[in-house]
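What follows is a single structure, written as structure tokens, with notes after it.
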Amino acid sequence: MKKIIISLMLLISPLNLLAYSEYIIPGGENVGVNITSEGLIVVGFYKVNGKYIGSETLEIGDTILEIEGKKVSTINDINKYIKEENKESIVNIKILRNNKEINTTLRLVNDNGLYKTGLYIKDKVTGIGTLSYIDPETSLYGSLGHQIIMNETVNDIDIKKGTLYESAVEGIDRSVDGRVGSKNASISYNKKIGTIDKNTEVGIFGTYKNSLPTKEAIKVADFKDIRLGKAFIYTTLNSNNIETFEIEITGIDESAIKTNKSIVFRVVDERLLEMTGGIIQGMSGSPIVQDNKIIGAVTHVVVDQVDKGYGVFIRTMLEEGER
Numbered sequence: 007m008k009k010i011i012i013s014l015m016l017l018i019s020p021l022n023l024l025a026y027s028e029y030i031i032p033g034g035e036n037v038g039v040n041i042t043s044e045g046l047i048v049v050g051f052y053k054v055n056g057k058y059i060g061s062e063t064l065e066i067g068d069t070i071l072e073i074e075g076k077k078v079s080t081i082n083d084i085n086k087y088i089k090e091e092n093k094e095s096i097v098n099i100k101i102l103r104n105n106k107e108i109n110t111t112l113r114l115v116n117d118n119g120l121y122k123t124g125l126y127i128k129d130k131v132t133g134i135g136t137l138s139y140i141d142p143e144t145s146l147y148g149s150l151g152h153q154i155i156m157n158e159t160v161n162d163i164d165i166k167k168g169t170l171y172e173s174a175v176e177g178i179d180r181s182v183d184g185r186v187g188s189k190n191a192s193i194s195y196n197k198k199i200g201t202i203d204k205n206t207e208v209g210i211f212g213t214y215k216n217s218l219p220t221k222e223a224i225k226v227a228d229f230k231d232i233r234l235g236k237a238f239i240y241t242t243l244n245s246n247n248i249e250t251f252e253i254e255i256t257g258i259d260e261s262a263i264k265t266n267k268s269i270v271f272r273v274v275d276e277r278l279l280e281m282t283g284g285i286i287q288g289m290s291g292s293p294i295v296q297d298n299k300i301i302g303a304v305t306h307v308v309v310d311q312v313d314k315g316y317g318v319f320i321r322t323m324l325e326e327g328e329r
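Residue numbering for the sequence shown is 7 to 329, as defined by this note's numbering.
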């Protein structure tokens, strides 16, 4: 049976160009993520007078950047334009599709006195994950270990502005083979703890703005330090309480050192298996520690074997966070 793998959302440079510390503060805290995109992302279409008018010129995943030469960045921007236009018309728009800017048009149609576009759009994405580390010297942090994508479009998001918040886990939806569960968590939008400046294939990165946690910094592992066998993940499954759970490293792929799947592991902790069934969404970014060194972070789960997953090498995250 073919394995299905989902996310839980190293370029070699001279050492003297990288400023990350050799001892970093391990994470494990649940965090809330809020990212505002550059432009408005098309996530679906609805019928207007029996026709999908939005799909005449647009595709799911397109990002609307401008309407009649004016930049749009929020849903209110497009609603305001439609209200001001107040008539059926074809307007000129600029979109981003497959990383290319394209000039096209958008049709406004009167539907029972309301002018509509036929588009479902989003201007931001929210979610939860796990903090991987904080560098105590620079206050730079890394989280998730993989890229944030828009579920409806399976596209990555160009960040206009992003914020990291405190978050508390309120319940667990257990994983079973064939279906990945998740942490159920609340986000404290009045408790900002950092900026989100980069959304990359190996994690999100920014500056930690809160007081640094009163935890001991631990050594950053080299890839050669990682070995098969016993290791631990730090994660939160109840409120704000970070706990340690045992895993077994079953594979180390040096050829994948630049990716978010260079470490292969399985959950062996009986308590974690009882609570979660294995790996669940929201664990992304949970730091992996072996022999008192931080070696990586959890990134993916194997859907048909939910006790198995992948991790990213910690120095890959640190180097990306410094760029």
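Cβ atoms here follow ideal geometry from the backbone N, Cα and C, with glycine treated the same way.
Exposure of residue i, with buried meaning 16 or more beta-carbon neighbours within 10 Å
i: Ser290; result: buried
i: Lys57; result: exposed
i: Ile96; result: exposed
i: Tyr214; result: buried
i: Asn104; result: exposed
i: Tyr139; result: buried
i: Ile88; result: buried
i: Asn205; result: buried
i: Met15; result: Caution is warranted here: a pLDDT of 49 is assigned to Met15, below 50, making its placement in the model unreliable, and the coordinate value is therefore given only provisionally. Buried.
i: Gly119; result: exposed
i: Thr282; result: buried
Own chain, CB closer than 8 Å to residue i, minus 5 neighbours either side, in chain order
i: Tyr29; result: Pro142, Ala223, Ile224, Lys225 and Val226
i: Ile300; result: Ile30, Pro32, Tyr139, Ile224, Lys225, Val226, Ala227, Pro293, Ile294 and Ile320
i: Leu114; result: Ile88, Glu91, Lys93, Glu94, Ser95, Ile96, Val97, Tyr121, Lys122 and Thr123
i: Thr134; result: Strictly speaking, residue 134 in this sequence is Ile, with Thr absent from that position. Same-chain partners within the cutoff: Asn36, Val37, Gly38, Val39, Ser173, Lys189, Ala191, Ile193 and Gly288.
i: Ile127; result: Leu46, Ile47, Val48, Val49, Ile70, Ile81 and Ile84
i: Asp203; result: Ile165, Gly168, Phe211, Gly212 and Thr213
Spatial distance of residue i from residue j (CA atoms)
i: Asp129; j: Ile108; result: 19 Å
i: Leu17; j: Glu326; result: Unreliable positioning characterises Leu17 in this predicted model, as indicated by a pLDDT of 34, which lies under 50. A coordinate reading is not provided.
i: Ile154; j: Arg321; result: 20 Å
i: Asp354; j: Ala237; result: Because the chain spans 7 through 329 in this model, residue 354 falls outside it and cannot be assessed.
i: Tyr147; j: Gly75; result: 37 Å
i: Ile99; j: Gly45; result: 12 Å
i: Lys189; j: Gly34; result: 13 Å
i: Thr259; j: Asn82; result: Checking the sequence shown, residue 259 turns out to be Asp, not Thr. Approximately 47 Å, taken between the alpha carbons.
i: Leu150; j: Gly187; result: 17 Å
i: Arg277; j: Gly177; result: 15 Å
i: Ile84; j: Leu71; result: 11 Å
i: Ile294; j: Thr110; result: 47 Å
i: Asp231; j: Thr136; result: 24 Å
i: Gly229; j: Lys53; result: The sequence given here has Phe at residue 229, not Gly. Rounded to whole angstroms, Phe229 to Lys53 spans 53 Å at the Cα level.
i: Ser27; j: His306; result: 26 Å
i: Asp183; j: Ser192; result: 26 Å
i: Asn216; j: Asn266; result: 27 Å
i: Asp68; j: Phe51; result: 12 Å
i: Lys77; j: Asp179; result: 41 Å
i: Glu252; j: Phe211; result: 26 Å
i: Ile66; j: Asn244; result: 37 Å
i: Glu328; j: Leu102; result: 28 Å
i: Asn116; j: Lys106; result: 31 Å
i: Asn55; j: Val309; result: 41 Å
i: Gly200; j: Ile286; result: 24 Å
i: Gly317; j: Lys264; result: 11 Å
i: Lys86; j: Leu64; result: 20 Å
i: Glu280; j: Pro219; result: 29 Å
i: Ile73; j: Arg185; result: 41 Å
i: Met156; j: Leu112; result: 22 Å
Strand pairing of residue i, partner residues [DSSP]
i: Gln311; result: Val308
i: Pro293; result: Ala303
i: Ile43; result: In the sequence under discussion, the amino acid at residue 43 is Ser, which differs from the Ile named in the question. Per DSSP, Ile165.
i: Gln153; result: For Gln153, which the question treats as bridged, DSSP gives no partner whatsoever.
i: Ile224; result: Ile30
i: Glu72; result: Lys77 and Lys100
i: Phe271; result: Ile255 and Gly315
i: Phe51; result: Leu125
i: Tyr195; result: Answer is none; Tyr195 lacks a bridge partner.
i: Arg113; result: Ile96
i: Ile210; result: Ser149 and Asn205
i: Phe229; result: Answer is none; Phe229 lacks a bridge partner.
i: Glu107; result: Leu102
i: Val175; result: Ala191 and Ser245
Cutoff 6 Å; reference residue i; Cβ partners in own chain excluding five residues on either side
i: Ser268; result: Asp259, Ala262 and Phe319
i: Ile248; result: Gly34, Tyr240 and Thr242
i: Gly284; result: Ser181, Val273, Val312 and Asp313
i: Asn246; result: Ala174
i: Thr132; result: Asn40
i: Glu145; result: In the sequence as presented, Glu is not what sits at residue 145; that position holds Ser. Contacts found: Thr213 and Tyr214.
i: Leu234; result: Ile255
i: Lys221; result: Ile31
i: Gly257; result: Val270
Sequence-distant residues of its chain with Cβ nearer than 7 Å to residue i (five each side left out)
i: Met323; result: Ser138, Gly148, Gly151, Val208, Gly209 and Ala303
i: Glu166; result: Before going further, note that residue 166 is Lys rather than Glu in the sequence given. Cβ neighbours of Lys166 beyond the five flanking positions: Thr42, Ser43, Glu44 and Ser79.
i: Thr250; result: Phe238 and Tyr240
i: Ala25; result: Thr144 and Glu328
Distance cut-off 7 Å: residue i Cβ against heavy atoms of the ligand ATP
i: Thr250; result: For the structure depicted, the ligand ATP is absent and the ligand set is empty, with no information on it obtainable.
Notebook entry, point to check: If you pair each beta-carbon of the region 305-318 with each one of the region 271-281, do three or more pairs fall below 8 Å?
Noted result: With contact defined as three or more Cβ pairs closer than 8 Å, the region 305-318 and the region 271-281 are in contact.
Next on the checklist: I want to know whether the region 163-174 touches the region 194-205 - three or more CB-CB distances under 8 Å.
Outcome noted: yes
Open item on the list: Across the region 55-71 and the region 114-128, are there enough close Cβ pairs to call them in contact, namely three or more that are closer than 8 Å?
Closed with: yes
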